[in-house]
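Chemist: Sharing a structure, written as structure tokens. Questions coming.
2 protein chains.
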Amino acid sequence: MTVANAGEFGLIARVTARLRPGRACLLGPGDDAAVVAAPDGRVAASTDVLVEGRHFRRDWSSARDVGHRAAAANLADIAAMGAVPTALLVALCAPPDLDVRWAEELADGLAAEASLVDAGVVGGDMSASPTLTIAVTALGDLGGRSPVVRSGARPGDVVALNGRLGYAAAGYTVLTRGFRTPKLLVEAFRRPEVPYSAGPEAARWGATAMIDVSDGLLADLGHIATASDVGIDLKREAFIVPDTMRNAAAALGVDPYHWILAGGDDHALAATFPADAALPAGWTVVGTVGDGAGGVTVNGRAYRGGATGWDHFR
Amino acid sequence: MTVANAGEFGLIARVTARLRPGRACLLGPGDDAAVVAAPDGRVAASTDVLVEGRHFRRDWSSARDVGHRAAAANLADIAAMGAVPTALLVALCAPPDLDVRWAEELADGLAAEASLVDAGVVGGDMSASPTLTIAVTALGDLGGRSPVVRSGARPGDVVALNGRLGYAAAGYTVLTRGFRTPKLLVEAFRRPEVPYSAGPEAARWGATAMIDVSDGLLADLGHIATASDVGIDLKREAFIVPDTMRNAAAALGVDPYHWILAGGDDHALAATFPADAALPAGWTVVGTVGDGAGGVTVNGRAYRGGATGWDHFR
Numbered sequence: 001m002t003v004a005n006a007g008e009f010g011l012i013a014r015v016t017a018r019l020r021p022g023r024a025c026l027l028g029p030g031d032d033a034a035v036v037a038a039p040d041g042r043v044a045a046s047t048d049v050l051v052e053g054r055h056f057r058r059d060w061s062s063a064r065d066v067g068h069r070a071a072a073a074n075l076a077d078i079a080a081m082g083a084v085p086t087a088l089l090v091a092l093c094a095p096p097d098l099d100v101r102w103a104e105e106l107a108d109g110l111a112a113e114a115s116l117v118d119a120g121v122v123g124g125d126m127s128a129s130p131t132l133t134i135a136v137t138a139l140g141d142l143g144g145r146s147p148v149v150r151s152g153a154r155p156g157d158v159v160a161l162n163g164r165l166g167y168a169a170a171g172y173t174v175l176t177r178g179f180r181t182p183k184l185l186v187e188a189f190r191r192p193e194v195p196y197s198a199g200p201e202a203a204r205w206g207a208t209a210m211i212d213v214s215d216g217l218l219a220d221l222g223h224i225a226t227a228s229d230v231g232i233d234l235k236r237e238a239f240i241v242p243d244t245m246r247n248a249a250a251a252l253g254v255d256p257y258h259w260i261l262a263g264g265d266d267h268a269l270a271a272t273f274p275a276d277a278a279l280p281a282g283w284t285v286v287g288t289v290g291d292g293a294g295g296v297t298v299n300g301r302a303y304r305g306g307a308t309g310w311d312h313f314r
Numbered sequence: 315m316t317v318a319n320a321g322e323f324g325l326i327a328r329v330t331a332r333l334r335p336g337r338a339c340l341l342g343p344g345d346d347a348a349v350v351a352a353p354d355g356r357v358a359a360s361t362d363v364l365v366e367g368r369h370f371r372r373d374w375s376s377a378r379d380v381g382h383r384a385a386a387a388n389l390a391d392i393a394a395m396g397a398v399p400t401a402l403l404v405a406l407c408a409p410p411d412l413d414v415r416w417a418e419e420l421a422d423g424l425a426a427e428a429s430l431v432d433a434g435v436v437g438g439d440m441s442a443s444p445t446l447t448i449a450v451t452a453l454g455d456l457g458g459r460s461p462v463v464r465s466g467a468r469p470g471d472v473v474a475l476n477g478r479l480g481y482a483a484a485g486y487t488v489l490t491r492g493f494r495t496p497k498l499l500v501e502a503f504r505r506p507e508v509p510y511s512a513g514p515e516a517a518r519w520g521a522t523a524m525i526d527v528s529d530g531l532l533a534d535l536g537h538i539a540t541a542s543d544v545g546i547d548l549k550r551e552a553f554i555v556p557d558t559m560r561n562a563a564a565a566l567g568v569d570p571y572h573w574i575l576a577g578g579d580d581h582a583l584a585a586t587f588p589a590d591a592a593l594p595a596g597w598t599v600v601g602t603v604g605d606g607a608g609g610v611t612v613n614g615r616a617y618r619g620g621a622t623g624w625d626h627f628r
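Chains as they are written, first to last, in this note's numbering: chain A, 1 to 314; chain B, 315 to 628.
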């Protein structure tokens with residue numbers, strides 16, 4: 001059955017039936033707006049959009065994968081503020097001939113990813129469109145903490161990472177070359193593994209700045225360096241290339257450090273901490289903050305590995 | 315200059331410069347997420363998407379018009395819960411050859427409409443897409459009130475309206491027939507005039523159910539009737555056809571009551587109140603709630619004017 005056959009309200013009913021509203025949901029789908037608990041008295045909110053052909057391909061990712069990734073991209077933004085995600089809202093624009101099952105499985109993926117943080121899909125909208133598009137808004141609660149912004153890094157801080165880097169970019173390269181393995185890398189592209197709880201934990205441990213790595217580590221640390229008016233120097237030796245990635249890189253003739261330093265979409269968390277701070281578990285120091293004006297270097301030099309970030313219009 | 319020339323970050327900078335974050339914004343655009351005040355400890359949240367060719371046409375509406383309408387559709391949803399809008403987040407999907415000025419003027423329209431309720435655009439996302447698409451999420455504060463849901467109407471209640479009905483549908487018909495006047499109707503299609511403050515006021519005065527009229531009055535009251543498990547009967551005589559609409563209807567060979575009863579997109583507010591309640595200013599009683607199972611009638615009979623609501627997949 002196509003979404004046009006199901007009709008707008010039929011499709012909404014089918015999709016809504018598969019969603020769980022989550023712990024913070026006070027009023028779920030079906031009214032003019034949802035109502036979500038915001039016990040902190042503030043709400044963190046972020047929107048990300050996924051467009052078919054730009055952010056995903058239906059022959060590379062299942063609907064469930066796309067749901068996982070759409071939710072993860074937004075939930076990671078909330079975690080990167082030091083907040084705990086509470087709810088998602090989802091706008092789905094679908095070609096009229098889209099199979100209803102695709103929309104249902106998208107909802108399953110969104111719900112499954114959100115359930116990792118005990119959040120849920122509380123509302124949304126649907127429309128026909130020639131271009132399959134998923135716009136997700138995530139909400140989160142700061143639990144009394146100050147948001148960890150991009151502008152807080154100070155000279156002398158250390159730069160630390162939590163989560164995988166380069167896996168999604170490697171999986172993307174594998175898929176573009178027509179392969180379907182190694183599964184570890186391809187699956188990483190399909191479904192990021194985001195260390196959600198590390199965000200609020202880093203905030204509690206005194207992180208001075210934080211960002212989720214979505215555009216590529218150098219590009220995203222560049223956002224911190226610019227906002228904080230500092231320089232950041234990474235130590236290349238701090239990045240361990242896993243065997244699977246090293247082998248895939250050799251087979252494909254790629255420098256694996258390019259995946260690690262410039263590849264996006266793993267949604268690892270990168271943060272700066274005072275040099276004398278103890279780091280919570282799961283964080284690895286990969287560099288230092290110094291004087292400078294927005295520059296990011298590797299072992300003291302500009303990185304010369306080609307493009308270092310995504311531009312979604314190019 | 316096209317949005318592709320400007321690049322993702324260039325476009326974000328240009329658009330962001332035109333936005334005002336609004337009263338409730340604690341942290342605006344430029345970080346992983348925005349932070350918005352939610353003094354009530356709960357946040358009302360709603361998402362609506364506008365797709366070119368489905369919800370707007372660039373030859374019928376200016377970018378600024380589209381911005382007004384995209385914001386209004388979402389802000390009206392928040393008002394219809396009895397909440398005060400606090401912030402918007404906007405995802406823009408644009409063809410790479412879109413003129414940057416179109417995106418800038420869209421932002422101007424969004425900002426101008428949001429400023430009517432002292433709210434602002436606090437965040438968003440941008441991507442290239444073959445289909446021009448605008449997904450907006452609105453947040454709002456309930457100010458300690460219970461949300462006014464669709465399921466609260468009770469037999470014996472009166473049905474009342476605040477705002478214009480049929481104007482946008484009339485303007486749409488005018489445009490589809492190739493005309494550009496009467497200006498009153500065409501402008502109503504381009505930019506709805508939403509009685510935002512009437513939503514929280516109705517909540518304070520004891521409204522039992524409320525909805526914003528976006529799909530058409532009969533369809534939207536049908537949502538209240540179904541959710542509340544009641545019947546609703548409208549009095550045709552309660553709807554005054556303004557002269558401009560009557561004349562346009564006569565010229566186009568249309569029954570103006572069809573615009574009023576079945577036309578969407580004016581975002582008037584429809585609410586039910588206890589029969590003995592005094593109504594706040596600006597509300598007009600147009601019907602009564604009775605027993606029944608989700609039916610909406612006009613002078614006791616089913617309305618026979620054709621389709622009574624929009625289905626965005628058909």
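The beta carbon of each residue, even a glycine, is placed where N, CA and C say it ideally should be.
In this text the structure is predicted, and so the values were computed from the model without any measurement.
#1: Of all the alpha helix (DSSP H) runs that stay within the bounds of the segment 459-518 of chain B, which reach a length of 4 or more residues?
#2: Who does Thr447 (chain B) pair with in a DSSP beta bridge?
#3: Let me know the secondary structure DSSP gives Arg64 (chain A) once reduced to three states.
#4: Give the residues from the segment 127-142 of chain A that approach chain B closer than 8 Å (Cβ to any Cβ), ordered along the chain.
#5: In the DSSP output, which residue or residues are listed as bridge partners for Ser127 (chain A)?
#6: Residues of the segment 18-49 of chain A with a CB closer than 8 Å to any CB of chain B: list them in chain order, please.
#7: Looking at C-alpha atoms only, which residue of A:Ile12, A:Val100, A:Arg57, A:Asp65 is the closest neighbour of Thr2 (chain A)?
#8: Check the Cβ-Cβ distances between Ile78 (chain A) and every residue of chain B, and say whether any is below 8 Å.
#9: Compare the C-beta of Arg266 (chain B) with all C-beta atoms of chain A and state if any pair is closer than 8 Å.
#10: The alpha helix (DSSP H) spanning Leu269 (chain A) covers which residue range?
#11: Determine, using beta-carbon pairs with one atom in the segment 236-252 of chain A and one in the segment 197-211 of chain A, whether at least three such pairs fall under 8 Å.
#12: Ser528 (chain B): buried (16+ other C-beta within 10 angstroms of its C-beta) or exposed?
#13: With 16 other CB atoms within 10 Å as the buried threshold, where does Thr361 (chain B) fall?
#14: Which residues of chain A have a Cβ atom closer than 8 Å to the Cβ of Val436 (chain B), listed in chain order?
#15: Measure the C-alpha to C-alpha separation of Ala483 (chain B) and Leu27 (chain A) and round it to an integer number of angstroms.
#16: Considering only C-alpha positions, which residue in the set A:Leu269, A:Cys93, A:Val289 is nearest to Pro280 (chain A)?
#17: Who are the near neighbours of Arg20 (chain A) in its chain, counting only those whose CB is closer than 7 Å to its CB and skipping five residues on each side?
#18: List, in chain order, every chain A residue whose beta-carbon is nearer than 8 Å to that of Ala584 (chain B).
#19: Could you give the C-beta distance for Arg18 (chain A) and Asp108 (chain A), rounded to a whole number, given that I count them as a contact under 8 Å?
#20: Look at Glu105 (chain A) and Ser62 (chain A) and say whether their C-beta atoms are less than 8 Å apart.
#21: Can you check which of these residues, A:Gly290, A:Ser228, A:Ser146, is closest to Gly206 (chain A) by C-alpha distance?
#22: Around the C-beta of Arg615 (chain B), are 16 or more other C-beta atoms found within 10 angstroms, so that it is buried, or is it exposed?
#23: For Ile211 (chain A), return the contacting residues in chain B, with the cut-off set at a CB-CB distance below 9 Å.
#24: Got a sec? Which residues, its chain only, sit under 7 Å from Ser441 (chain B) by beta carbon, not counting five neighbours each side?
#25: If you draw a straight line from the C-alpha of Asn613 (chain B) to the C-alpha of Leu532 (chain B), how long is it?
#26: Alpha carbons only, please: which of A:Ala188, A:Asp229, A:Arg164 is nearest the one belonging to Tyr172 (chain A)?
#27: Listing by chain order, which chain B residues have their CB less than 7 Å from the CB of Ala170 (chain A)?
#28: Between A:Leu252, A:Leu221, A:Tyr257, which lies nearest to Glu237 (chain A) when the distance is taken from Cα to Cα?
#29: Hey, out of B:Phe587, B:Val363, B:Gly344, B:Arg505, whose CA is closest to Val462 (chain B)'s CA?
#30: Check whether the Cβ atoms of Pro506 (chain B) and His581 (chain B) sit closer than 8 Å, and answer yes or no.
#31: List the residues of chain A whose Cβ lies closer than 7 Å to the Cβ of Asp439 (chain B), in chain order.
#32: Met210 (chain A) bridges to which residues according to DSSP?
#33: Use the C-beta contact count for Thr445 (chain B): other C-beta atoms within 10 angstroms, 16 or more gives buried, fewer gives exposed.
#34: From which residue to which residue does the alpha helix (DSSP H) around Leu106 (chain A) run?
#35: Less than 6 Å between C-beta atoms, sequence neighbours within five positions excluded: which residues of the same chain meet that for Gly294 (chain A)?
#36: Could you spell out where the alpha helix (DSSP H) holding Val317 (chain B) opens and where it closes?
Modeler: So, from the listed chains and residues:
#1: 481-490, 497-504, 512-518
#2: B:Val365, B:Cys407
#3: helix
#4: Ser127, Ala128, Ser129, Pro130, Thr131, Thr133, Ala135, Thr137, Ala138, Leu139, Gly140, Leu142
#5: A:Cys93
#6: Leu26, Leu27, Gly30, Asp31, Asp32, Ala33, Ala34, Val35, Val36, Ala37, Ala38, Pro39, Asp40, Gly41, Arg42, Val43, Ala44, Ala45, Ser46, Thr47, Asp48, Val49
#7: A:Val100
#8: yes
#9: No statement about residue 266 (chain B) is possible, as the shown extent of chain B runs from 315 to 628 and does not include it.
#10: No alpha helix (DSSP H) holds Leu269 (chain A); the beta strand (DSSP E) holding it covers 269-273.
#11: no
#12: buried
#13: buried
#14: Ala45
#15: 31 Å
#16: A:Leu269
#17: Ala111, Ser115, Gly120
#18: By Cβ distance, chain A contributes nothing, its closest Cβ being about 11 Å from Ala584 (chain B), past 8 Å.
#19: 6 Å
#20: yes
#21: A:Ser146
#22: exposed
#23: Asp345, Asp346
#24: Cys407
#25: 13 Å
#26: A:Ala188
#27: Correct list: empty, because the minimum Cβ distance to chain B is about 23 Å.
#28: A:Tyr257
#29: B:Phe587
#30: yes
#31: Thr47, Asp48, Val49
#32: A:Ala271
#33: buried
#34: 100-115
#35: Ala225, Thr226
#36: 317-330
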